[in-house]
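Here the structure is laid out as C-alpha cells; the discussion comes afterwards.
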Amino acid sequence: MSNDFENGTEIEVKDLNLWYGDNHALHDININIPKNSVTALIGPSGCGKSTFLRCLNRMNDLIPTCRIEGDIQIEGQDIYSKEVDVVDLRKKVGMVFQKPNPFPMSIHDNVAYGPRIHGAKKGDISGIVEDALRSGALWNEVSDRLQNSALDLSGGQQQRLCIARTLAVKPEVILFDEPCSALDPISTSKIEDLILELKKDYTIVIVTHNMQQAARISDHTAFFLVGDMVEFGKTEEIFENPQEKSTEDYITGRFG
Ligand code: ADP
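Quick note, the sequence shown lines up with residues 58 to 313 if you use this note's numbering.
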C-alpha cells in the first residue's frame, strides 16, 4: 500500500477487525490515510463505513457489544493503548455527524464549550470563538447575534457551527459522517467548499453516500463492501479506472 503521500501519513490502520456481538462488521482493514487531504469512504449502506470512522476516535468504545482487534496509529500513537486519554483523543480527532447537533445554548457558548472544558483562559475565549467561527465560514452570518440560540440557525448554519465547535479545540483530524445528507444543495456546497479549505490545515475523513461529492472533494477514496475495504486509491483512479469489479459496479450504479 502506498505510503508516499505528498504530505505524509496521518493515520495507519493495520489488520483492524471489529465485532458487534457475533456480527463481524469489519474484516482485516489495512489502510494508510494521508495527512492534510480529504479521504472519502464510500460503499452501500451497512458495509461498515461509519463503524470504521468511529474506530478512529474510539466512539465505538461507547457500544457495549463492540470488540476491536488490530492497530490504529495516529501520528505514530497507538490510539487503543491504555495510556491514551479518550477525551484528549477526541479533541485531537474531532467528529461532525449527519444531523447537525448543536447544544441547546447560544452560538457563542456552543463554540466556547470545548475550549472551556479543556482549560482555555477566560480572556482567550472570545478570540477562540471568533477564529473558529471564521474558519467554519459562519462568522459573517452570526457575528451580530452570538448570544442567540444555536437552535434558531438554519440546518446548514447549524452544521457549520458544529464544524466551528470542532475546530475550536484545535483538532488534527476531522471525521465527517455524511455531513450533508440532511442539507439542501446550497448548504451542501458551502460545506464542501469549507472542507476543501480545511484540508490545508487538517486531515479529513468523510463518509458519503453521494458519489459526486466524493469525486468533487476527496483526494483519495476507499470503497467498502460488507465489512471489507475492497479498494483504496487516488479518487480519480478509483472513479475512472477501478481495479476491482465490485468497485466498478458500485460507482457505475449497478448496486447499492
Ligand atoms: P455504513 O456506515 O456503511 O452504513 P455501519 O457501520 O453503520 O455501515 O454498519 C455496519 C454493520 O454494523 C451493519 O451490519 C450494522 O447493522 C452494524 N452496526 C452498526 N452500528 C451498530 C451498533 N451500534 N450496534 C450493533 N451493530 C451495529
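C-beta atoms are modelled at their ideal positions from N, C-alpha and C, and glycine is treated no differently. Keep in mind the model is a prediction, meaning the values are calculated, not measured.
{"Item": "Compute the distance between the beta-carbons of Pro264 and Glu67, then report whether it is under 8 Å.", "Value": "The sequence given here has Val at residue 264, not Pro. No, they are not a contact pair."}
{"Item": "Quick check on this structure: which residue in Ile182, Thr108, Leu98 and Val186 has the alpha carbon closest to the alpha carbon of Lys291?", "Value": "Leu98"}
{"Item": "Mark Val143 as exposed unless 16 or more other C-beta atoms lie within 10 angstroms of its C-beta, in which case mark it buried.", "Value": "exposed"}
{"Item": "Kindly examine the ligand ADP and report whether one of its heavy atoms sits closer than 7 Å to the Cβ of Ser107.", "Value": "yes"}
{"Item": "DSSP three-state label for Leu75, please.", "Value": "strand"}
{"Item": "Based on the DSSP output, what are the partners of Asn80 in its beta bridges?", "Value": "Tyr77"}
{"Item": "Please list the terminal residues of the continuous beta strand (DSSP E) segment that includes Lys291.", "Value": "Asp285 to Lys291"}
{"Item": "Using CA atoms only, rank isn't needed, just tell me which of Ala271, Gly100 and Val168 is closest to Asp181.", "Value": "Val168"}
{"Item": "Please determine whether the Cβ atom of Cys104 lies at a distance below 7 Å from any heavy atom of the ligand ADP.", "Value": "yes"}
{"Item": "Once you ignore the five residues that flank His175 on each side, which residues in its own chain have a CB closer than 7 Å to its CB?", "Value": "Lys148 and Val226"}
{"Item": "Based on DSSP bridge pairs, tell me the residues matched to Pro91.", "Value": "Thr66"}
{"Item": "Please classify Lys179 as buried or exposed, where buried requires at least 16 neighbouring CB atoms within 10 angstroms.", "Value": "exposed"}
{"Item": "Whose C-beta lies closer than 6 Å to the C-beta of Lys106 among residues of the same chain, with five residues either side of it excluded?", "Value": "Leu98, Gly100, Val264 and Phe281"}
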